[in-house]
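If you read the sequence shown in my numbering, its first letter stands for residue 4, the second for the next number, and so on.
Just so you know, even glycine gets a beta-carbon here, dropped at the ideal spot from N, CA and C.
Shown next, in structure tokens, is the structure this report addresses.
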Amino acid sequence: MFTALLLSASVFHAAPDDANKYFAVKVVDDETGHGVPLVELRTVNDLRYFTDSNGVVAFREPGLMEKDVFFYVASHGYEYPKDGFGIRGAALHVTAGGAAKLKIHRVNIAERLYRLTGGGVYADSVLVGDKTPLREPVLNGLVLGSDTVLNAVHRNKIYWFWGDTNRPGYPLGNFQVPGAVSELPSHGGLDPETGVDLAYFTDAKGFAKETMRMPGKGPTWLTALVPLTDADGRERLYGSYVKVEPPLKVYARGLAVFDDDKEAFEKLVDWDMKAPAFPSGHAFRRVEEGVDYVYFANPYPLTRVIASPEHFRRPGDYESYTCVKEGSSLDDPKFDYDAQGRLHYVWRKGAPAVGPAEQAKFIADGKMKMDEGLLQLRDRDSDKPVFAHAGSVYWNEYRKRWVMIAVQQSGDTSYLGEVWYAEADAPVGPWVYAVKVATHNHYSFYNPKQDPMFDKDGGRLIFFEGTYTHTFSGNPDATPRYEYNQILYKLDLSSPRLAIPAPVYDLSTGAAPETFSMIRPKKEGRVAFFAPDRAFVDSVPVLASKNGLRVGKPEEKGALCYAFPADAKRKPSGVRPLYEYRERDGDRRAYSVEAELSLPGYVREEQPVCLIWRAGSR
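If you want it as structure tokens, here you go:
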């Protein structure tokens, strides 16, 4: 049973008797002033401390009190200023009951807010007598660590579920999906910038209990959590699950439904391991052509089904957005081509989706050309491919686009620790450009998920979390308390650093590309090039009129898109010149990224109009 939720916004804890024996160091973001969690303070003799979710370290070390102590300061995605010797750190005069504040610069675009799960979330704050926002600031549900979050709004509460979870009493914990609830911020819950007060479903010993013990040996992993309403108007939580055996091999899968009274999932049906589609990842709803669908993003939303309990449980009702023909398989694919000889991607029943791993294998095996793949995500700045391993997709009202939060596989600083932000004007894309928003140096931050129920200011502020762990990183050094837990980040979508190239469609009716729009046409349109729809550093507006395209002054409004000036000194690797072609015997103009466009009767101007991003391969 879970304890009734507190409605107060914050909880004050009396200072412990020995609070005045500690020296409090608080590390804050130099831009926002918010305390920064997960900052390492290391002494010259390698004593290591990590700030809690308030950004606080409670220091009390025999032999070092009442002395000047130097602390090296370091954190993933943040930098402390160097001194004259290139050393990043500060010397502090440590006194019992004293305090100091250090300001650290955020390199990440995303701001780290706090840890959601595990022990000692506010341990140091409690030691120094600072207030904390949670009912249980140091140990909640006897949970020390939790893998991979799933959450959904159900009956006006947020329901949370996790993967394998650690406990204090023994190295083996809960491998059958623990869960919790919290209040929505709009219904008395905490502001997401402050914290999340979780009320765990617990067993008789107070540990987060099993909510999804399904038949078979080994762990049960929940996925595809989605609330659906039945014919009688009753909403219930549904999900799919897999059973796992060493070494991380899925040997069975099925569907389940949550029993609100028992606070546990009940099995619905088994799912054929050979079925072409299976609900997996994070769900969202979308009405398309009058039909209410639930999509499953993992991280790309390439699987969907009509949003009802009846359709959810029938394998034959699922559709995949794919180029593989119905009845074909990923082991022996039969591709569908259109009249122009291009791979034809459409929604199909009875066919598997081609995800990032499958696409990469088809290309490596010579079954698919590089530019035939649907998934072409790239780094906006370097133009290098970004292999999106896992993540989520949701509609964002502020950007009027679908936004993806995904972790990269084989990133520069970590195998599974670099988090990217991308946008698209449709759930299936084109997903072409992305910006790195958070990095974890030689540490994993896998299975990230946006929490859309926390969106603020009309979607301008979004929040995402992920599993912070040294697993898969090659780093043997696990961060105390933070290891194997969920950490929440905030992302301000108004930042110019998030100006991402979007499709600019060619709406021309003739052979000459002369009419453009960033509004996706109802019928499939040709992408002429990519460019951001908002200003960014060193950008210029590109304006359209009856006389063609021109580059305006930075303050001019009504731009078609934004670009780099043709003579830009600072430019990313992926930009290309946009050329103007003039009609020899008329006033018409055409535009292309092609330097030698075959367009009879037109002559190319010598200087490009501006620098934009290349046209997509699809």
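Outcome for residue i when other beta-carbon atoms lying within 10 angstroms are tallied against a minimum of 16
{"i": "residue 362", "result": "buried"}
{"i": "residue 522", "result": "exposed"}
{"i": "residue 115", "result": "buried"}
{"i": "residue 341", "result": "exposed"}
{"i": "residue 146", "result": "buried"}
{"i": "residue 622", "result": "Because the chain spans 4 through 621 in this model, residue 622 falls outside it and cannot be assessed."}
{"i": "residue 50", "result": "exposed"}
{"i": "residue 10", "result": "Annotation note: pLDDT 31 at residue 10 (below 50); position unreliable, no value reported."}
{"i": "residue 161", "result": "buried"}
{"i": "residue 608", "result": "exposed"}
{"i": "residue 614", "result": "buried"}
{"i": "residue 594", "result": "buried"}
{"i": "residue 90", "result": "exposed"}
{"i": "residue 17", "result": "For residue 17, the predicted structure reports a pLDDT of 39, less than 50, and the residue's modelled location is therefore unreliable. The matter cannot be settled from this model."}
{"i": "residue 4", "result": "Low per-residue confidence applies at residue 4: pLDDT is 43, beneath 50, and the placement is therefore not dependable, though the value from the model is reported in the following sentence. Exposed: under 16 other Cβ atoms inside 10 Å."}
{"i": "residue 254", "result": "exposed"}
{"i": "residue 3", "result": "Because the chain spans 4 through 621 in this model, residue 3 falls outside it and cannot be assessed."}
{"i": "residue 529", "result": "exposed"}
{"i": "residue 7", "result": "Reliability fails at residue 7, whose pLDDT of 35 lies under 50, so the model's placement of it is uncertain and the value that follows must be treated cautiously. Result: exposed."}
{"i": "residue 379", "result": "buried"}
{"i": "residue 15", "result": "Because residue 15 sits at a pLDDT of 35, beneath the cut-off of 50, its placement in the model cannot be relied upon, and the point is left open."}
Residue i in three-state terms, based on DSSP
{"i": "residue 407", "result": "strand"}
{"i": "residue 314", "result": "helix"}
{"i": "residue 499", "result": "helix"}
{"i": "residue 460", "result": "helix"}
{"i": "residue 597", "result": "coil"}
{"i": "residue 361", "result": "helix"}
{"i": "residue 563", "result": "coil"}
{"i": "residue 127", "result": "helix"}
{"i": "residue 182", "result": "strand"}
{"i": "residue 395", "result": "strand"}
{"i": "residue 319", "result": "helix"}
{"i": "residue 430", "result": "coil"}
{"i": "residue 190", "result": "helix"}
{"i": "residue 375", "result": "helix"}
{"i": "residue 620", "result": "Legend: pLDDT at residue 620 = 49, less than 50; position of this residue unreliable, no value from coordinates given."}
{"i": "residue 455", "result": "helix"}
{"i": "residue 538", "result": "coil"}
{"i": "residue 22", "result": "helix"}
{"i": "residue 366", "result": "helix"}
Assumed close pair residue i, residue j - CB separation to whole angstroms, cut-off 8 Å
{"i": "residue 409", "j": "residue 302", "result": "4 Å"}
{"i": "residue 436", "j": "residue 471", "result": "Rounded, the Cβ-Cβ distance is 26 Å, inconsistent with contact."}
{"i": "residue 238", "j": "residue 158", "result": "6 Å"}
{"i": "residue 544", "j": "residue 559", "result": "5 Å"}
{"i": "residue 426", "j": "residue 396", "result": "That belief does not hold up - the Cβ atoms of residue 426 and residue 396 are roughly 10 Å apart, past 8 Å."}
{"i": "residue 456", "j": "residue 105", "result": "Not a contact, Cβ separation roughly 33 Å."}
{"i": "residue 485", "j": "residue 41", "result": "6 Å"}
{"i": "residue 611", "j": "residue 582", "result": "5 Å"}
{"i": "residue 506", "j": "residue 428", "result": "7 Å"}
{"i": "residue 31", "j": "residue 66", "result": "Residue 31 to residue 66, Cβ: 28 Å. No contact."}
{"i": "residue 487", "j": "residue 123", "result": "Actually they are not in contact, since the Cβ atoms of residue 487 and residue 123 sit about 13 Å apart, beyond 8 Å."}
Separation of residue j from residue i, as counted between CA atoms
{"i": "residue 500", "j": "residue 231", "result": "37 Å"}
{"i": "residue 111", "j": "residue 43", "result": "17 Å"}
{"i": "residue 549", "j": "residue 348", "result": "35 Å"}
{"i": "residue 417", "j": "residue 443", "result": "7 Å"}
{"i": "residue 192", "j": "residue 81", "result": "29 Å"}
{"i": "residue 352", "j": "residue 393", "result": "24 Å"}
{"i": "residue 562", "j": "residue 552", "result": "10 Å"}
{"i": "residue 331", "j": "residue 403", "result": "36 Å"}
{"i": "residue 366", "j": "residue 356", "result": "15 Å"}
{"i": "residue 201", "j": "residue 185", "result": "5 Å"}
{"i": "residue 415", "j": "residue 476", "result": "12 Å"}
{"i": "residue 220", "j": "residue 83", "result": "48 Å"}
{"i": "residue 328", "j": "residue 265", "result": "43 Å"}
{"i": "residue 73", "j": "residue 98", "result": "13 Å"}
{"i": "residue 142", "j": "residue 181", "result": "15 Å"}
{"i": "residue 216", "j": "residue 539", "result": "50 Å"}
{"i": "residue 422", "j": "residue 413", "result": "12 Å"}
{"i": "residue 100", "j": "residue 483", "result": "24 Å"}
{"i": "residue 592", "j": "residue 358", "result": "40 Å"}
{"i": "residue 537", "j": "residue 514", "result": "29 Å"}
{"i": "residue 85", "j": "residue 38", "result": "20 Å"}
Residue i: CB within 7 Å of a non-hydrogen atom of the ligand FAD
{"i": "residue 498", "result": "By its list of ligands, the structure shown contains no ligand whatsoever, and the ligand FAD lies outside what it can speak to."}
Cβ of residue i within 8 Å of any chain B Cβ
{"i": "residue 140", "result": "Absent from the structure: chain B. Only one protein chain is present."}
Touch check for the region 475-494 and the region 552-569: three-plus C-beta pairs under 8 Å?
no
With a cut-off of 8 Å, do at least 3 Cβ pairs link the region 131-139 to the region 151-158?
no
With three or more beta-carbon pairs closer than 8 Å as the criterion, would you say the region 379-391 touches the region 277-287?
no
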